[in-house]
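Reviewing the structure listed below.
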Amino acid sequence: MSPATIVAAVWRQLPFFVWLVALWMLLWGQFTVLAALTGVVVAVFVTRVFRLPPVELSGRVNLWYGIVFVVMFGVALVRGSLLVAWQTLNPTRYPRSAVVAVPLRTDDDLIMAHVGVTSSLIPGSLIIDVDRNRRILYLHVIGVSSECDVESQRRAVHSWEARIVRAVGSRAQLEAIRAQGAAAPLKGGTD
Numbered sequence: 386m387s388p389a390t391i392v393a394a395v396w397r398q399l400p401f402f403v404w405l406v407a408l409w410m411l412l413w414g415q416f417t418v419l420a421a422l423t424g425v426v427v428a429v430f431v432t433r434v435f436r437l438p439p440v441e442l443s444g445r446v447n448l449w450y451g452i453v454f455v456v457m458f459g460v461a462l463v464r465g466s467l468l469v470a471w472q473t474l475n476p477t478r479y480p481r482s483a484v485v486a487v488p489l490r491t492d493d494d495l496i497m498a499h500v501g502v503t504s505s506l507i508p509g510s511l512i513i514d515v516d517r518n519r520r521i522l523y524l525h526v527i528g529v530s531s532e533c534d535v536e537s538q539r540r541a542v543h544s545w546e547a548r549i550v551r552a553v554g555s556r557a558q559l560e561a562i563r564a565q566g567a568a569a570p571l572k573g574g575t576d
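Residue numbers (my numbering): 386 to 576.
In structure tokens, the structure reads:
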């Protein structure tokens with residue numbers, strides 16, 4: 386392999402590698418130098434020992450939308466934590482839950498994985514199943530008491546999908562999100 390080929394391969398996989406390190410730090414809940422270093426070790430181990438199929442990245446990274454994603458994710462974490470705490474401590478109401486099917490608008494395994502991880506990390510919802518062929522995420526959501534709440538959850542997941550595509554998706558995925566964003570709301574209820 387020529388040095389230019391190696392540099393191109395490393396550059397293409399760099400966002401995935403950085404994502405693995407960030408995921409490691411999120412899983413441990415620590416944003417320290419030690420957590421970053423152990424995340425690098427784990428990312429190297431995972432990418433070298435478990436020979437996964439190469440991830441095709443779009444090659445497009447929009448830093449502004451990446452920052453928007455991180456800020457909105459932080460806000461959603463705090464909001465979700467407070468909401469779950471309130472639902473747990475509220476003596477007048479027992480929080481109801483539902484399983485919500487959310488069909489994604491993009492056909493990309495990496496985007497689907499990012500949306501699933503993001504949705505699961507926000508308190509109050511958890512991915513319980515994924516239908517890869519039909520591109521549907523199934524979430525268990527607490528605090529659902531009406532069809533309006535179900536639709537609100539679907540819109541929230543679609544918003545995360547749109548933010549991720551704006552940050553790291555391909556131009557074709559971005560156009561698909563824009564085209565389907567103007568479409569009528571998706572049908573379906575709780576499963």
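Ideal Cβ placement from N, Cα and C applies to all residues, glycine included.
> Which whole runs of the alpha helix (DSSP H) in the region 519-563 are 4 residues long or more, in chain order?
Replying inline: Within the region 519-563, the complete alpha helix (DSSP H) runs of at least 4 residues are 532-553.
> Thinking C-alpha only, which one of Glu532, Pro488, Ala428 is nearest Asp514?
Replying inline: Checking every option, the nearest Cα to that of Asp514 belongs to Pro488.
> By the 10 Å Cβ neighbour count, where 16 or more other Cβ atoms means buried, how is Glu532 classified, buried or exposed?
Replying inline: So Glu532 counts as exposed.
> Who are the Cβ neighbours of Pro508 in its own chain at under 6 Å, not counting the five residues just before and after it?
Replying inline: Only Gly465, Ser466, Val469 meet the Cβ criterion.
>> Using a 10 Å radius around the Cβ and a threshold of 16 neighbouring Cβ atoms, would you call Ser550 buried or exposed?
In response: Residue identity check: residue 550 is Val in the sequence provided, not Ser. Here Val550 is buried, its C-beta having at least 16 other C-beta atoms within 10 Å.
> Do Arg563 and Tyr450 have their C-beta atoms within less than 8 Å of each other?
Replying inline: Not closer than 8 Å, so no.
> Out of Arg478, Ser530, Ser387, which has the shortest C-alpha to C-alpha gap to Val484?
Replying inline: Taking only the C-alpha atoms, the option nearest Val484 is Ser530.
>> Just to confirm, is the Cβ distance from Val500 to Leu522 under 8 Å?
In response: Yes.
>> On the DSSP letters alone, give me the boundaries of the alpha helix (DSSP H) that Ser505 sits inside.
In response: Counting along the chain, the unbroken alpha helix (DSSP H) around Ser505 starts and ends at 494-506.
>> If contacts are defined as beta-carbon pairs under 8 Å, then Gln565 and Arg490 qualify, I think. What distance do you get, rounded to the angstrom?
In response: That belief holds up - the Cβ atoms of Gln565 and Arg490 are roughly 5 Å apart, short of 8 Å.
> Would DSSP call Ser466 helix, strand or coil?
Replying inline: Ser466 falls in the helix class under three-state DSSP.
>> I'd like the span of the beta strand (DSSP E) that includes Val484, first residue to last.
In response: Element bounds for Val484: 482-488.
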